[in-house]
Every structure is written in structure tokens, then in C-alpha cells.
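Protein chains in written order, with the numbering used here: chain X, 1 to 82; chain R, 83 to 257. Here the structure is laid out as C-alpha cells; the discussion comes afterwards.
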């Protein structure tokens, strides 16, 4: 299920707070654009969660909870990009 | 008293947080030369309206005219052409008449300010008050100046700047 509007707002505000604490340079990206990015990413995950699940080996797919799979995905994304 | 003459200067350690929705103390590090300089600032959130109150005393030579409040700031993450919506309001404590239970701020004055074009660099915003708009504060009188950011302001121009508005100093001058 996609995030609720309130949850998306929490992600949006939380990202800005974290970026502020780290003094990240978000340049001229507006708050509206940032909120659209949160919405679009969540929409994409909603639309593609079955495909993500499908690329996992059967043992992982069948025995891991959704939370564990999400954690694994976060580890891969973090190592790739951060 | 001449136009542009200083009435008050405020550093961020003088801020009194209201009961809720207060700006958060933070510090900015200027690393050269050693030892690093650490300047106290106040962070005003990008998603909810936050406030800070500053006690002030107008000097005895204040002539009773308009007051210009200058807000010195930087942005945590955002640059031009993004905008922030800023506001300020005075509450005069008139001796002999003021009562705690009914004391309140005069109507706030607001201005939109563009973020500096270079991230983390200095910006200034000015808000002009007539003497009445400054709650009729008299020379030598004590009162409170409230400062806030309204990130919910839809404009135009909307407060569309990401991240914190960092308040560094406040200056008050005779208009």
C-alpha cells in the first residue's frame, strides 16, 4: 500500500530537516519539487514492488518478511549511492 | 534621532522560546583561522511555522518614529530564486497599564525574502514598522519582538525554500 498523505509529508519534512543538519546543498529545488519527488518515488515503489520481489531468490522471497526485504533494499541502495 | 540610527542589536542567545513551535538553537562553524569560530544561530523549519521572542528596550533617545527591523540570515540548503516568508511583531509592556493575562502582540508585519544566490552565504531582510505598528513602544520602554518564518505561506511568492532558515542577528534602526 502506498504511503498516506501524512506519511509522505513526514518523509518530505524529515528529509529537509536531515539535509539542513548536514548542510546539504539542495540549490534552487523548491519544496514543491521535493514533495513531488517523494510522491513519485513512492508511486514507483507501489507500482514496481512485485517486480522487486520477483528478482529475489526464492528462499529469500519466501522466508523474508516485507520489512527484511526493505532493509536489504536499503542496504544495496545505500552502498550504491551514499 | 536620525534615520538609520541604531535602536537595538540582538544576538541569538537572547531568544526566548515560546511555549510551543519554537525555533531550534544551532551553531555555524567558521573554520578559519584556528580555533574555529562557533556562532549561535536559530533554525526555523521549512514545514511548520516557528517563532522566537526577543526582549528589547528602546533607547531613551528614540524619537517615536518608524522602526526598521533587519533580519540577518543564511539558508541551510536553499538558494535563489527560492523565497522565504518572514514576519515580526512587537509587544510593548506599557508601565502602569499592561496586564499579563491580556498582553499580546500588535499585528505582525511580513515580507518575502529571496535566498542568497550562493548556498550558506549571508542574506538580509528588512521589515518596516510605523510607530503604531510597533505597538506604540515608547523611548525607554521594555517589550518583546517576535520573529517567525511562515513556510505555509502560499504567496505569491510562496515560501518555497527547502530546509531551515537560519537567523543570525537582528538589528533595529530608526526608519
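Just so you know, even glycine gets a beta-carbon here, dropped at the ideal spot from N, CA and C.
- Residue 146 of chain R and residue 194 of chain R have their C-alpha atoms roughly 26 Å apart.
- If you draw a straight line from the Cα of residue 89 of chain R to the Cα of residue 163 of chain R, it is about 31 Å long.
- Proximity of residue 201 of chain R to chain X, defined by a Cβ-Cβ separation below 7 Å, is satisfied.
- Put simply, the backbone Cα of residue 244 of chain R is about 14 Å away from that of residue 38 of chain X.
- Beta-carbon to beta-carbon, residue 158 of chain R and residue 23 of chain X are separated by about 6 Å, close enough to satisfy the 8 Å threshold.
- One finds 20 in chain X with Cβ atoms closer than 7 Å to the Cβ of residue 125 of chain R, taken in chain order.
- Our two residues, residue 251 of chain R and residue 66 of chain X, have alpha carbons roughly 49 Å apart in a direct line.
- Closest in C-alpha terms to residue 184 of chain R, from the list R:190, R:191 and R:176, comes R:176.
- Counting C-beta pairs closer than 8 Å gives three or more between the stretch 118-135 of chain R and the stretch 219-236 of chain R, which meets the contact rule.
- In the DSSP annotation of this structure, the continuous segment of the beta strand (DSSP E) that includes residue 205 of chain R starts and ends at 205-211.
- In the DSSP annotation of this structure, the continuous segment of the beta strand (DSSP E) that includes residue 136 of chain R starts and ends at 132-139.
- Residue 249 of chain R is outside the set of residues whose beta carbon lies under 7 Å from a beta carbon in chain X.
- Counting only runs of 3 or more residues that sit fully inside the stretch 83-138 of chain R, the beta strand (DSSP E) segments are 88-93, 106-112 and 119-126, in chain order.
- In the displayed model, residue 226 of chain R falls within a strand according to three-state DSSP.
- Restricted to the stretch 17-71 of chain X, not a single beta strand (DSSP E) segment is unbroken, complete and at least 3 residues in length.
- At a cut-off of 7 Å between beta-carbon atoms, residue 169 of chain R makes no contact with chain X.
- For residue 8 of chain X, none of the residues of chain R pass the 9 Å Cβ criterion, the least Cβ distance being about 12 Å.
- Neighbours of residue 11 of chain X in chain R, taken as residues whose beta carbon is under 9 Å from its own, are absent, since the nearest beta carbon is some 11 Å off.
- When secondary structure is reduced to three states using DSSP, residue 144 of chain R falls in the coil class, being assigned neither helix nor strand.
- Residue-level contact by beta carbon fails for residue 186 of chain R and chain X, as no gap is shorter than 7 Å.
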